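Trainee: Position in the sequence shown (first residue = 1) + 16 = the working numbering. C-beta: ideal position from N, C-alpha, C; glycine also. Keep in mind the model is a prediction, meaning the values are calculated, not measured.
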Amino acid sequence: MAEAVLNQQAQVDKGENARMASFVGALAISDLVKSTLGPKGMDKILQSMTMQGQITITNDGATILKSIHIDNAAAKVLVEISKTQDDEVGDGTTSVVVLAGELLREAQKLMDKRVHPMTIIDGWRLATDIARKALISSAVDTINDKAKLRQAMVDVAQTTLSSKILSSDKNKFAELAVDAVLRLGGSTDLELIQVIKKPGGSLQHSYLEEGYLLDKKIGIGQPKRIENAKILIANTPMDTDKVKIYGSRVRVSSMNDVAEIEAAEKQKMKDKCLKIVDHGINVFINRQLIYNYPESIFASHGVMAIEHADFDGIERLAAVLDGEICSTFDHPELVKLGGCAVIEEVMVGEDKMIRFGGVKGGAACSIVLRGASMHVLDEAERSLHDALAVLSQMARKGRIVYGGGCSESLMANAIDKEVPSVAGKKQLAMEAYSRALRQLPATVADNAGYDAADIVANLRTAHANGDIRAGIDISDGSVGDMTKLGVCESFELKEHVLLAAAEAAEMILRVDDIIKCAPRERQQQGMPGMGGM
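1) Classify glutamine 68 as helix, strand or coil using the three-state DSSP reduction.
2) CB-CB under 7 Å to arginine 398, same chain, minus the five flanking residues each way: which ones, in chain order?
3) Which residues bound the beta strand (DSSP E) around alanine 150?
4) Who are the near neighbours of valine 503 in its chain, counting only those whose CB is closer than 7 Å to its CB and skipping five residues on each side?
5) Can the beta-carbon of valine 406 be found less than 8 Å from the beta-carbon of aspartate 107?
6) Whose C-beta lies closer than 6 Å to the C-beta of isoleucine 490 among residues of the same chain, with five residues either side of it excluded?
7) Taking the alpha carbon of arginine 141 as the point to measure from, which residue in Thr499, Leu444 and Met498 has its own alpha carbon closest?
8) Using DSSP with H/G/I as helix, E/B as strand and the rest coil, what is asparagine 474?
9) Taking valine 527 as part of the alpha helix (DSSP H), name the residues at either end of that continuous run.
10) Given a cut-off of 8 Å, decide if alanine 411 and cysteine 342 are closer than it, judged by their beta-carbon atoms.
11) Check the DSSP bridge columns for arginine 415 and list the partner residues they point to.
12) Please determine if the stretch 223 to 242 and the stretch 318 to 336 are in contact, where contact requires at least 3 C-beta pairs separated by less than 8 Å.
13) Run through DSSP, which three-state label would glycine 216 get?
14) My guess is that alanine 196 and cysteine 356 are in contact by the Cβ rule of under 8 Å, so how many angstroms apart are they, rounded?
15) If alanine 173 sits next to threonine 158, beta carbons under 8 Å apart, how far is it from one beta carbon to the other, in whole angstroms?
16) Leaving out five residues before and five after glutamine 70 in sequence, what residues of the same chain have Cβ atoms less than 8 Å from its Cβ?
17) Return the CA-CA distance between isoleucine 247 and alanine 335, expressed in angstroms with no decimal places.
18) May I ask you to report which of helix, strand or coil DSSP gives tyrosine 228?
19) With which residues is phenylalanine 372 paired in a DSSP beta bridge?
20) If you drop the 5 nearest sequence neighbours on each side, which residues of the same chain put their C-beta closer than 6 Å to that of lysine 92?
21) Determine contact between the stretch 113 to 121 and the stretch 513 to 529, defined as no fewer than three beta-carbon pairs at a distance below 8 Å.
22) Are the CB atoms of isoleucine 137 and glutamate 424 within a distance shorter than 8 Å?
23) Ignoring anything shorter than 3 residues, give me the beta strand (DSSP E) runs that lie fully in the stretch 50 to 131, in order along the chain.
24) Is the separation between the beta-carbon of valine 358 and that of glutamate 225 shorter than 8 Å?
25) So arginine 485 is in the beta strand (DSSP E); what residue range does that whole segment cover?
26) The beta strand (DSSP E) with alanine 245 in it runs from where to where?
27) Taking buried to mean at least 16 other C-beta atoms within 10 Å of its own C-beta, is aspartate 171 buried or exposed?
28) What residue from Gly387, Ala396, Met363 and Gly339 has the CA that sits closest to valine 375's CA?
29) Could you name the residues of the same chain whose beta carbon sits closer than 6 Å to that of threonine 150, not counting the 5 residues immediately before and after it, in chain order?
30) By the 10 Å Cβ neighbour count, where 16 or more other Cβ atoms means buried, how is aspartate 462 classified, buried or exposed?
31) Does DSSP classify asparagine 302 as helix, strand or coil?
32) Looking only at its chain, what residues have a beta carbon closer than 6 Å to the beta carbon of glycine 496, apart from the 5 residues adjacent to it on each side?
33) Measuring alpha carbon to alpha carbon, tell me which residue in Asn298, Asp273, Lys413 and Leu230 is nearest valine 364.
34) So, is leucine 165 buried or exposed, given that buried needs 16 or more other C-beta atoms within 10 angstroms?
35) With respect to the beta strand (DSSP E) encompassing arginine 454, which residues constitute its N-terminal and C-terminal limits?
36) Measuring alpha carbon to alpha carbon, tell me which residue in Gly57, Leu53 and Ile84 is nearest glycine 66.
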């Protein structure tokens, strides 16, 4: 009946065909990013067909998935959960997609055995509750001990970075990320941590600058260093001394009249500059350009002028300097000026930059990344962002769980223990859920070139014998103690992976019809004398 109601060009897939289309798309996306999971995961090269062949080299799940064009509805669901994981937690974008894919792979096997989708979903919900309770009970709270919290944050940062391009220098970058996040004082506003990428040198030359760096130069003939700076931050055009009415004509009777117009324009700009100077400032930062004449006026009054200052991040600069952005200058008493201890020019690599030291927004800092090329720096920035995002969440809550497949094995074991007490076919769904959880450590081992089946079996035995801190030691492919190896992960990250993957897989499993609308027809104009036919 649906075909008779819908447009003839609309497509309707029903029942098994619809489910198959959903599963194929979701499993293809899961398999695409599976090889990037874990410390030994591989990278992908993404080449754009529109932006002059621009390439991106990354193993970040969210970056890979949002960069590719997808036409399958179920695949788009997995792309969305990856984006949500990136926005909410910052890391775990690959894990959440792989877990959702494995749940659907297990569901497909159960449906081949005539288990109804709603029975599978009921079993999954029971399993998710059991897994979540096991995860909560295994979490270690470090929020009340500052020394323990810092060490836990360093361990979490090292674990996060171990699967990234920064893995070779993970100790250095873990300390760097922890120092930057602790300066925030519990805030999750990562805007205060500025990342500056400068090609040249190696990643080992990267460092944390306790202040704010601006990738601009100080104007010619102006002070190169100012202490106890009083800063006016503005977003105002400084070229109003020009006649900007396009297509206009000015008729004059002599060259003296032209000189008078120019003098009037210059006087107008001079008045504006003097109004700015009257605020009692010694530094003027403008979001827009400052031209030669106003620059010379500021220089004559001993005011440092910085033009076109970080157009996209001027709000961050205002927050760092504890000032307000203004665009009119008639009421100096209403303007909140920014301030810092010192402003000076510094060299970063081969470039000059402006350093703001002793800023009022004391939480602010800049991380300078050095590297061989922009491709390396872009990936390093993505890796560092993941670590910073995870650490900023952890600094407020302080709960950790253990990685290396430890948490997944713990949750799978907890589900297996409860299976005999559940009646009916829900048992099969719960067993499938635990198998899907164990696929995460299996994939990590597989990507490292080890015998995944053997390692996962040994891991399962260790947990069954009460060793709930056992996980994969990726250095030699054995089962090791994660507390001794320091392989920790944020509790919020693991919890979000578990819940998001389960919800996404459930949504795809509920589908029994896929309806594609008919393509929109182009409106063709009728030829003369044809009556639009």
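Mentor: Quick look at the numbers:
1) For this step, residue 68 is matched to residue 52 along the sequence shown. Note: glutamine 68 maps to coil in three-state DSSP.
2) By 1-based counting over the sequence shown, the position of residue 398 is 382. Around arginine 398: Thr74, Asp76 and Thr79.
3) Sequence index remark: in the sequence shown, residue 150 carries index 134 (1-based). Taken as a continuous stretch (DSSP letters only), alanine 150 belongs to no beta strand (DSSP E), being part of the alpha helix (DSSP H) at 133 to 154.
4) Within the sequence shown, the letter at position 487 stands for residue 503. Cβ within range, chain order: Thr175, Tyr418, Gly419, Gly420 and Gly487.
5) Sequence index remark: in the sequence shown, residue 406 carries index 390 (1-based). Sequence index remark: in the sequence shown, residue 107 carries index 91 (1-based). The answer is yes: Cβ separation under 8 Å.
6) The residue labelled residue 490 in the question sits at position 474 within the sequence shown. Taken in chain order, the residues that qualify are Pro55 and Ala464.
7) As a first step, residue 141 must be located in the sequence shown, where it is residue number 125. The shortest Cα separation from arginine 141 among Thr499, Leu444 and Met498 belongs to Leu444.
8) If you number the sequence shown from 1, residue 474 lands on position 458. Of the three classes helix, strand and coil, the one that applies to asparagine 474 here is helix, per DSSP.
9) Taking the sequence shown and counting its residues from 1, the one referred to as residue 527 is at position 511. Counting along the chain, valine 527 falls outside any alpha helix (DSSP H), and DSSP gives it neither H nor E.
10) Against the sequence shown, residue 342 aligns to sequence position 326. Against the sequence shown, residue 411 aligns to sequence position 395. Not in contact: cysteine 342 and alanine 411 (Cβ atoms no closer than 8 Å).
11) Counting from one through the sequence shown, the residue named residue 415 turns up at place 399. BP columns for arginine 415 point to Asp157.
12) yes
13) Translated into positions along the sequence shown, residue 216 becomes position 200. It is a strand residue.
14) Position 180 of the sequence shown, counting from 1, holds the residue named residue 196. Position 340 of the sequence shown, counting from 1, holds the residue named residue 356. That belief does not hold up - the Cβ atoms of alanine 196 and cysteine 356 are roughly 18 Å apart, past 8 Å.
15) What you label residue 173 is simply residue 157 of the sequence shown in a count that begins at 1. What you label residue 158 is simply residue 142 of the sequence shown in a count that begins at 1. With a Cβ gap of about 14 Å, alanine 173 and threonine 158 do not count as contacting.
16) If you number the sequence shown from 1, residue 70 lands on position 54. So the list reads Gln63 and Ser64, once near-sequence residues are dropped.
17) Working through the sequence shown from its first residue, we reach residue 247 at position 231. Working through the sequence shown from its first residue, we reach residue 335 at position 319. Each residue's Cα considered, the two are about 12 Å apart.
18) The residue given as residue 228 occupies position 212 in the sequence shown. Strand at tyrosine 228.
19) Indexing the sequence shown from 1 puts residue 372 at position 356. DSSP lists Tyr228 and Ile359 as partners of phenylalanine 372.
20) Taking the first residue of the sequence shown as position 1, residue 92 is located at position 76. Here the set comprises Ile86.
21) yes
22) Within the sequence shown, numbered from 1, the residue matching residue 424 stands at position 408. Within the sequence shown, numbered from 1, the residue matching residue 137 stands at position 121. Cβ atoms of glutamate 424 and isoleucine 137: not closer than 8 Å.
23) 60 to 63 and 71 to 74
24) As a position in the sequence shown, residue 358 is number 342, starting the count at 1. As a position in the sequence shown, residue 225 is number 209, starting the count at 1. No, these two residues do not count as a Cβ contact at 8 Å.
25) Working through the sequence shown from its first residue, we reach residue 485 at position 469. Looking at the DSSP string, arginine 485 is not in any beta strand (DSSP E), and its letter there is neither H nor E.
26) Mapped onto the sequence shown, residue 245 falls at position 229. It spans 241 to 250 - the beta strand (DSSP E) in which alanine 245 sits, taken as one unbroken run.
27) As a working note, residue 171 is residue 155 in the sequence shown. So aspartate 171 counts as buried.
28) Mapped onto the sequence shown, residue 375 falls at position 359. Checked all of Gly387, Ala396, Met363 and Gly339; the closest Cα to valine 375 is Gly339.
29) As a working note, residue 150 is residue 134 in the sequence shown. According to the sequence displayed, residue 150 carries alanine and not threonine. Within the same chain, alanine 150 has close Cβ partners Leu426, Met427 and Ala430.
30) Reading the sequence shown from its first residue, position 446 is the one you call residue 462. It counts as buried.
31) In the sequence shown, counting from the first residue as 1, residue 302 sits at position 286. Looking at asparagine 302 - three-state DSSP - the assignment turns out to be strand.
32) As a working note, residue 496 is residue 480 in the sequence shown. Cβ neighbours of glycine 496 beyond the five flanking positions: Asp489.
33) Numbered from its first residue, the sequence shown carries residue 364 at position 348. Looking at the Cα atoms, Leu230 is the closest of the given residues.
34) Working through the sequence shown from its first residue, we reach residue 165 at position 149. Buried, since its Cβ has 16 or more Cβ neighbours within 10 Å.
35) The sequence position of residue 454 within the sequence shown is 438, counting from 1. Per DSSP, arginine 454 belongs to no beta strand (DSSP E); it is in the alpha helix (DSSP H), 442 to 463.
36) Position 50 of the sequence shown, counted from the start, is the residue given in the question as residue 66. The question names glycine, but residue 66 is threonine in the sequence shown. For threonine 66, the nearest C-alpha among the options comes from Ile84.
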